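Shown next, in structure tokens, is the structure this report addresses.
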Amino acid sequence: MSSSTASASSFSAPPASCAPAPRIAAGSAEFKRSNRAMFFGGFSCFALLYCVQPLMPLLSHEFALSAAQSSMVLSVSTAALALSLVASSALSERLGRKPLMVAAMAIAAVMTILSAFAHNYPQLLAMRALLGIALGGMPAIAMAYLGEEIEPGSLGLSMGLYISGSAFGGMAGRVITSVLSDYFSWRLAVGAVGVAGVLAAWEFWRSLPPSRHFVPSGGGLRSMASGFKLHLTDRGMPWLFALAFLLMGAFVSLYNYIAYRLLGAPFGLNHSLVGAVSFLYLLGIYSSVWAGRLADRFGRRHVLWAVMAIMIAGLLLTLSNWLPLILLGVALFTYGFFATHSVASSWVGRRATSSKALASALYLFFYYLGSSVIGSATGVMWGRDGWPGVVMVLGLALALAMLVALRLRRLAPLGAAEK
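The sequence shown maps to residues 71 to 489 in my numbering.
Listed below in structure tokens is the structure:
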């Protein structure tokens, strides 16, 4: 009798370990650990990727390159990153999120250190392409991890903190290389950023909690094809992907060529002062978190177009020939970009009902593709028409992005999870 009673009890009360693990909530110790790790992850990704941006004029001089040719040192990395994103997201569906992200950060840091020893420009481009391929294992998978592990009500804040790490990394990478290249050489500067990337990878590995809601996928190509169809036929996702292409293309282009403008007449600034413009990235640390909170409170469709208007206002101010007004314009442009990216990227995470890593990969594929395509194309306009030509191209991109945001404003949510 006692045996049967015990048996009945085991069926009526399943073990606590069978209950689904709760998602990470704001205020918990795991929330702090995951956000610290993601801050370092965003820092590393942007610092390693964009540390070469303020060095473009130096590379033009050393290797006898035009502005458009010099921009390839960044465009080749972002193009390789865009192409590797989907393959990396598919690999993460089998291997898990954390191991692939740690490997991506470590390999990218090593490639950055090796870039400092390149003997010629083609060799430098090859190293930068390998860096881009390695980094394909970081940004989309980070977004998928947050979408899986963070409770929906805290996702906007968490995504904003991740993007604030990206903003800090973009600023730090540019400032470090600008200052060190002024006093030493661009090679030492790039090597120093690579060492910082190694340390960031170690902190990421130490801090990030293991996945508790990741379920390995064994569907292979059929599962990936199903995910592509799901996201590309959705009424909202393709517009979010288009937004990523336009916004990131505009953002990278502005920082690509503002250095050429400020180094030349009538400003004549040195590399350290031009690199100091990257301190404006610190605004992105605040604006991404601020916009994430607003999106959680009022809904993404109501916040997106408003923060995008800040970018447009900033771009127009850069047409001035008065340096303080130009810097104000770059500040507003930067503030608006990180706010917009925070809202759009968290929207992808909440709208994707399945194949979350693939959804993030597609968003970031277009994000980095825009950086490569628009970033290089704008260099041609700089060579032809100077800064007014750059503003014309970026103004067109932002006008199209605003139309997309207004269309998304009318998009019906899929459910309560997508506010």
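Backbone N, C-alpha and C fix where the C-beta goes; we use that ideal spot for every residue, glycine too. For clarity, every value in this text was computed on a predicted model and none was experimentally measured.
{"Check": "Once you ignore the five residues that flank Val373 on each side, which residues in its own chain have a CB closer than 7 Å to its CB?", "Outcome": "Ala361, Leu364, Ala365 and Val413"}
{"Check": "Return the CA-CA distance between Arg480 and Ala467, expressed in angstroms with no decimal places.", "Outcome": "21 Å"}
{"Check": "Kindly indicate the opening and closing residues of the alpha helix (DSSP H) around Pro394.", "Outcome": "Leu393 to Arg421"}
{"Check": "Can you tell me whether DSSP reads Leu478 as helix, strand or coil?", "Outcome": "helix"}
{"Check": "Using alpha carbons as the reference points, say which of Leu324, Leu128 and Ser442 lies closest to Leu464.", "Outcome": "Leu324"}
{"Check": "Please name the residue, chosen from Leu231, Phe254 and Leu135, that lies closest to Asn190 on a Cα-to-Cα basis.", "Outcome": "Leu135"}
{"Check": "What are the boundary residues of the alpha helix (DSSP H) that Arg276 is part of?", "Outcome": "Trp256 to Ser277"}
{"Check": "With distances taken Cα to Cα, identify the nearest neighbour of Ala212 among Gly345, Arg167 and Phe337.", "Outcome": "Arg167"}
{"Check": "Where do the ends of the alpha helix (DSSP H) carrying Tyr120 lie?", "Outcome": "Ala99 to Tyr120"}
{"Check": "Can you give me the Cβ contacts of Met142 inside the same chain, cut-off strictly under 8 Å, excluding the 5 residues immediately before and after it?", "Outcome": "Leu195 and Ser446"}
{"Check": "What does the alpha-carbon distance come out to for the pair Leu333 and Val344?", "Outcome": "7 Å"}
{"Check": "Out of Pro222, Leu317, Pro192 and Val180, which one is the CA nearest neighbour of Leu205?", "Outcome": "Val180"}
{"Check": "What residues in its chain sit with their C-beta under 6 Å from that of Met451, if we drop five residues either side in the sequence?", "Outcome": "Gly459, Val460 and Val463"}
{"Check": "Taking only the alpha-carbon atoms, compute the straight-line gap between Tyr438 and Leu151 and give it to the nearest angstrom.", "Outcome": "7 Å"}
{"Check": "Do the region 95–115 and the region 220–233 touch if we need at least three Cβ pairs shorter than 8 Å?", "Outcome": "yes"}
{"Check": "Hey, Ile380 and Tyr405 are a contact pair by Cβ (cut 8 Å); roughly how many whole angstroms apart?", "Outcome": "6 Å"}
{"Check": "Going by DSSP, which residues form a beta bridge with Ile220?", "Outcome": "Ile94"}
{"Check": "For Gln123, I'd like the list of residues in its chain whose CB is within less than 7 Å of its CB, leaving aside the five on either flank, ordered along the chain.", "Outcome": "Leu144, Arg244, Tyr325 and Asn326"}
{"Check": "Once DSSP output is grouped into helix, strand and coil, what is the label at Thr303?", "Outcome": "coil"}
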